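Residue numbers (my numbering), protein chains in the order written: chain V, 27 to 243; chain U, 27 to 243. Please read the structure below before turning to the comments.
Number of protein chains: 2
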Amino acid sequence: MGRVRVGVLISGRGSNLQTLIQAAQAPDYPAEIAYVIANVADAKGLDHAERAGIPACVISHKDFADRAAFDAALDAALRKAKIEIVCLAGFMRLLGKKFTEDWRDRVLNIHPSLLPAFPGLDTHRKAIEAGVKISGCTVHLVRPELDDGPILIQAAVPVAEDDTPETLAARVLEVEHRCYPLALRLLAAGAIRVTGKTTRHGATAPKGSLLNPGGTG
Amino acid sequence: MGRVRVGVLISGRGSNLQTLIQAAQAPDYPAEIAYVIANVADAKGLDHAERAGIPACVISHKDFADRAAFDAALDAALRKAKIEIVCLAGFMRLLGKKFTEDWRDRVLNIHPSLLPAFPGLDTHRKAIEAGVKISGCTVHLVRPELDDGPILIQAAVPVAEDDTPETLAARVLEVEHRCYPLALRLLAAGAIRVTGKTTRHGATAPKGSLLNPGGTG
């Protein structure tokens, strides 16, 4: 069985991209990172792709009149590269309704909080100001709504009394780097069942799974 | 130094009341459960108080014209019993602004979620329907807003794929029973510092602490 071709969308340093590239080097990993798209030309994460020999391109949102046109360009590039699953890794553009519906249950995002707490930007600052003692990360399927969509995996970390947004971010990033490869593994293996907002993790890839509709894989 | 006198408000079975009573039997515990008030006459938790020899009474909200009058009756009973800290343990009435301001930083509540996620009633059903993989409990100081106020302690538990609200509630209750006695211990020892919505846990009870303003205890 061929490995599932994954495209990763980045805007910055791409630390989760790097983690996914490393995870996909395992012989039994069911996905390969086959394509990287950055929406800003100097995204440092592009270096990870280059070092790993992964095709990459820049599609700048500034080159398009509106979100729909930008999304259509992303879609075309992903399809041309025969991408089956998309992972957002610090990708700072919202994807529109058409894109997220066309790629329904094929787009993963990671967010540095225990959703539904603290969606959106400035997550760690919000968590610290709210005085929570536990934060974490969430890997979820992308829906048109911001930081919504069925959750595949969450992990919790303690918030320390002296935490700044930076120190908390670093602690959460450690569990992000464990969760994202695991979530992609489950999705690529066809192990995820989605019912409304809930997901189940199957042990194998049975018939009718998301990425193996005919059970022939 | 005398132990801090704690009043516990209940509406039902009072499982957290029972946990607090047990914790307070430790010789070094800085608080004693000195009074129990139920707002419903047949609250089963009253049995815990009776077995432990703790004075208890019923103050039914139905006997009062409005919340302010009910709150005033609670306040009078607590003051008469020389209560210094109030713990809500499954107490199903909202306390009004005057009560919560008069008892500011002296009223603890426990909520069966990782606040700010899933405030209010039907917590576990909401968590399951939201598809979260991690839930937990929160002990916080009470403010006029529902399930808001500075957090003292949180604990996380996994949500299982087959969880019902009942099975999740049972798992969360286990950590509630660890967190509530610990939070009360910290507050009664004067170890909690509140700044806005955040709290810090001191190791000792230094001068200027909440319950030891002069540092003479």
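Cβ coordinates follow ideal geometry from the N, Cα and C atoms, glycine included. Since this is a predicted model, take the numbers as computed values, not measurements.
For HIS150 of chain V versus LEU212 of chain V, is the C-beta distance shorter than 7 Å?
Taking the first sequence and counting its residues from 1, the one referred to as residue 150 of chain V is at position 124. Taking the first sequence and counting its residues from 1, the one referred to as residue 212 of chain V is at position 186. No, Cβ-Cβ distance for HIS150 of chain V and LEU212 of chain V is not below 7 Å.
is_contact[LYS159 of chain U, chain V] using C-beta, thresh 7 Å:
Translated into the one-based positions of the second sequence, residue 159 of chain U becomes position 133. Yes, its Cβ sits closer than 7 Å to a Cβ of chain V.
Three-state class that DSSP yields for GLY234 of chain U in the structure shown
Taking the second sequence and counting its residues from 1, the one referred to as residue 234 of chain U is at position 208. Reliability fails at GLY234 of chain U, whose pLDDT of 41 lies under 50, so the model's placement of it is uncertain and no value is given.
Buried or exposed, going by whether 16 or more other CB atoms sit within 10 Å of the CB of GLU202 of chain V?
The count along the first sequence starts at 1 and reaches residue 202 of chain V at position 176. Classification of GLU202 of chain V: buried, given that the 10 Å Cβ count is 16 or more.
Quick one, are the C-beta atoms of TYR61 of chain U and ILE109 of chain U less than 7 Å apart?
For the purposes of this step, residue 61 of chain U is taken as the residue at position 35 of the second sequence. For the purposes of this step, residue 109 of chain U is taken as the residue at position 83 of the second sequence. Cβ atoms of TYR61 of chain U and ILE109 of chain U: closer than 7 Å.
Could you tell me the distance, in whole angstroms, from the CA atom of LEU121 of chain U to the CA atom of ASP97 of chain U?
Locating residue 121 of chain U in the second sequence gives position 95, where the first residue counts as 1. Locating residue 97 of chain U in the second sequence gives position 71, where the first residue counts as 1. Per the coordinates, the alpha-carbon of LEU121 of chain U lies some 7 Å from the alpha-carbon of ASP97 of chain U.
Output yes if chain U places a C-beta closer than 7 Å to the C-beta of PRO176 of chain V; else output no.
Translated into the one-based positions of the first sequence, residue 176 of chain V becomes position 150. Closer than 7 Å to some Cβ of chain U, the Cβ of PRO176 of chain V qualifies, so yes.
Meets three-Cβ-pair contact criterion under 8 Å: the stretch 98–106 of chain U and the stretch 206–225 of chain U
Two segments are said to touch when three or more pairs of C-beta atoms, one from each, lie closer than 8 Å; by this definition the stretch 98–106 of chain U does not touch the stretch 206–225 of chain U.
Along chain U, in chain order, which residues have C-beta atoms closer than 8 Å to that of ARG226 of chain V?
Taking the first residue of the first sequence as position 1, residue 226 of chain V is located at position 200. Residues of chain U passing the Cβ test: GLU187.
DSSP beta-bridge partners of ALA181 of chain V:
By one-based count along the first sequence, residue 181 of chain V stands at place 155. ALA181 of chain V has V:CYS163 as its beta-bridge partners, per DSSP.
Taking 7 Å as the CB-CB limit, is GLN51 of chain V close to chain U?
Within the first sequence, the letter at position 25 stands for residue 51 of chain V. Cβ-Cβ to chain U under 7 Å: no for GLN51 of chain V.
The beta strand (DSSP E) spanning THR225 of chain U covers which residue range?
The sequence position of residue 225 of chain U within the second sequence is 199, counting from 1. Where THR225 of chain U is concerned, the enclosing beta strand (DSSP E) stretches over 224–227.
Examine chain U for any beta-carbon lying closer than 7 Å to the beta-carbon of PRO142 of chain V, and answer yes or no.
In the first sequence, the residue the question calls residue 142 of chain V occupies position 116. Chain U, which has a Cβ nearer than 7 Å to the Cβ of PRO142 of chain V, makes this yes.
In whole angstroms, give me the CA-to-CA distance for LEU134 of chain V and ARG197 of chain V.
Position 108 of the first sequence, counting from 1, holds the residue named residue 134 of chain V. Position 171 of the first sequence, counting from 1, holds the residue named residue 197 of chain V. Taking the Cα positions, LEU134 of chain V is about 21 Å away from ARG197 of chain V.
Taking only the alpha-carbon atoms, compute the straight-line gap between ALA153 of chain U and GLU127 of chain V and give it to the nearest angstrom.
Taking the first residue of the second sequence as position 1, residue 153 of chain U is located at position 127. Taking the first residue of the first sequence as position 1, residue 127 of chain V is located at position 101. Distance from the CA atom of ALA153 of chain U to the CA atom of GLU127 of chain V, rounded to whole angstroms, is 25 Å.
Are the CB atoms of ASP92 of chain V and VAL220 of chain V nearer to each other than 7 Å?
For the purposes of this step, residue 92 of chain V is taken as residue 66 along the first sequence, with counting starting at 1. For the purposes of this step, residue 220 of chain V is taken as residue 194 along the first sequence, with counting starting at 1. No Cβ-Cβ contact shorter than 7 Å links ASP92 of chain V with VAL220 of chain V.
I need the straight-line Cα distance from ILE59 of chain V to LYS159 of chain V, nearest angstrom please.
Taking the first sequence and counting its residues from 1, the one referred to as residue 59 of chain V is at position 33. Taking the first sequence and counting its residues from 1, the one referred to as residue 159 of chain V is at position 133. Approximately 35 Å between the Cα atoms of the pair.
Mark GLN180 of chain V as exposed unless 16 or more other C-beta atoms lie within 10 angstroms of its C-beta, in which case mark it buried.
As a first step, residue 180 of chain V is located in the first sequence; it is residue number 154 there, counting from the start. By the neighbour-count criterion, in which a residue is buried when 16 or more other Cβ atoms sit within 10 angstroms of its Cβ, GLN180 of chain V is buried.
If the criterion is Cβ atoms closer than 7 Å, does the pair GLY175 of chain U and VAL168 of chain U meet it?
Here residue 175 of chain U refers to the residue found at position 149 of the second sequence. Here residue 168 of chain U refers to the residue found at position 142 of the second sequence. The Cβ atoms of GLY175 of chain U and VAL168 of chain U sit closer than 7 Å to each other.
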